[in-house]
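J.: Pasting a structure below so you can have a look.
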Amino acid sequence: MKNFYLFSIIALMLGVTSCKEKVQVEQVDAIESEAGDNVIVHEEYMGEEPTTPEETEFYEPKVPVVKPSVNGAPPSDAIVLFNGKGLENWISANDSTAAKWHLNDDGSMTVNDKTGNIQTKQNFGDVQLHIEWKSPLPVQSKGQNRGNSGVFLNGIYEVQILDQNDNPTYVNGQVASIYKQHVPLAMASVPTGEWNTYDIIYHAPEFNDEGGKIKSGDITVIHNGVLVQDHVELKGTTPYIGWPKNPPHGKGPLLLQDHGDDSRVSFRNIWVREL
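Numbering (our numbering), first residue to last: 1003 to 1277.
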């Protein structure tokens, strides 16, 4: 019995040592600061350090209560832009007339080829955007002409939509790319003909009174639950030809693209939360 207790004590000590080893943080060598480096200092944590937990607790401002999404429904503070019942929140981007895309019996809408892009009647700045889309069956064409559309934030910054399955193209123009700027971290598409989801966080750029950009915008994209764009910098607009441009702007519409090649991309369940 004595040996059993001794063995138990030794095992316990080894277990404690093992646990300690598991939670050790890797050490890094100090990085020699170069001239001009900006060292981050949080001034609210300077001075005499608190000695009680209550000194670092606060109760204002109150956090707003949002009922989260349940069974695919939007959260309680969302602005619903398309729920399958009509296109009243959308207009033609060409001439501001009524949107001419197809409204389907299953609660989706489909690009009406060569009728032009559509955009929201309402303008937005910083947003959380949820949108679901699918490429058509049967598959037709290849490259950039297969299931091609796009989601444009502020009307000018494109997150690419493309049927990427067994369909190679330039990687900064593939599905979930920030078009011609940022390659996605992963290709997370579902099979062609099934519904994809994009959850996008967009922060608009800022401009000074002279029209110069003083802060870049940024985008985060989650594609079917997979992080594919991680808070990437918007270097400007996302043109097909040429460099990104930085025209000064305020809020703008959300825009969906008619690629003009019978791509037949469909959309459903579109909502935003203003940030």
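In this text, a Cβ means the ideal position worked out from N, Cα and C, and glycines have one as well.
Using 10 angstroms around the beta-carbon of S1098, count the other beta-carbons present and answer buried if the total reaches 16, otherwise exposed.
T.: Classification of S1098: exposed, given that the 10 Å Cβ count is below 16.
J.: Measure how close the beta-carbons of N1125 and G1254 come, nearest whole angstrom, since I'm counting them as under 8 Å.
T.: Yes, they are in contact, since the Cβ atoms of N1125 and G1254 sit about 5 Å apart, within 8 Å.
J.: What does N1198 pair with, by DSSP beta-bridge criteria?
T.: For N1198, which the question treats as bridged, DSSP gives the partners W1135.
J.: Residue range of the beta strand (DSSP E) that W1092 falls in?
T.: Run containing W1092: W1092 to S1094, per the beta strand (DSSP E) assignment.
J.: Report the option in I1120, F1269 and V1228 whose CA atom is closest to the CA atom of N1106.
T.: The option with the nearest alpha carbon to N1106 is F1269.
J.: Using CA atoms only, rank isn't needed, just tell me which of G1157, V1141, E1196 and T1240 is closest to T1122.
T.: With distances taken between Cα atoms, T1122 lies closest to G1157.
J.: Hey, E1134 and N1271 are a contact pair by Cβ (cut 8 Å); roughly how many whole angstroms apart?
T.: That belief holds up - the Cβ atoms of E1134 and N1271 are roughly 5 Å apart, short of 8 Å.
J.: Can you check DSSP and say which residues form a bridge with V1228?
T.: DSSP lists H1225 as partners of V1228.
J.: Would A1095 be called buried (16 or more neighbouring beta carbons within 10 Å of its own) or exposed?
T.: Counting Cβ neighbours within 10 Å, A1095 comes out buried, since at least 16 surround it.
J.: Distance check for L1277 and L1155, CA to CA, integer angstroms please.
T.: Rounded to whole angstroms, L1155 to L1277 spans 14 Å at the Cα level.
J.: Quick check: the Cα distance between M1015 and Q1029, rounded to an integer number of angstroms?
T.: Bear in mind that a pLDDT of 46 at M1015, under 50, signals an unreliable position, so the number given afterwards is only what the model happens to contain. Cα to Cα, M1015 sits roughly 25 Å from Q1029.
J.: In angstroms with no decimal places, state the Cα-to-Cα distance between E1059 and D1220.
T.: Cα to Cα, the separation comes out at about 31 Å.
J.: Whole angstroms is fine: what's the gap from L1258's alpha carbon to E1045's?
T.: If you take the alpha carbons of L1258 and E1045, they lie about 44 Å apart.
J.: Here's the rule: buried if 16 or more other CB atoms are within 10 angstroms of the residue's CB, otherwise exposed. What is K1087?
T.: It is exposed - the Cβ of K1087 has fewer than 16 other Cβ atoms within 10 Å.
J.: Is Y1007 helix, strand or coil by DSSP?
T.: Because the pLDDT of Y1007 is 49, which lies under 50, any placement of that residue in the model is unreliable, and the question is left without a value.
J.: According to DSSP, T1112 sits in a beta bridge with which residue or residues?
T.: DSSP, once it has assigned bridges, lists H1104 and S1268 as partnering T1112.
J.: State yes or no: is the C-beta of S1071 within less than 8 Å of the C-beta of S1151?
T.: No, the Cβ-Cβ distance between S1071 and S1151 is not below 8 Å.
J.: Please name the residue, chosen from S1137, V1177 and Y1159, that lies closest to G1149 on a Cα-to-Cα basis.
T.: Comparing Cα positions, the closest option is S1137.
J.: Alpha carbon to alpha carbon, how far is V1041 from D1108? Give it in angstroms, no decimals.
T.: Between D1108 and V1041, the C-alpha separation is close to 55 Å.
J.: For P1246, which residues in the same chain have their Cβ closer than 6 Å to its Cβ, ignoring the five residues on either side in sequence?
T.: Contacts found: K1237, G1238 and T1239.
J.: For T1171 versus D1260, is the C-beta distance shorter than 8 Å?
T.: Taking 8 Å as the Cβ cut-off, T1171 and D1260 do not qualify as a contacting pair.
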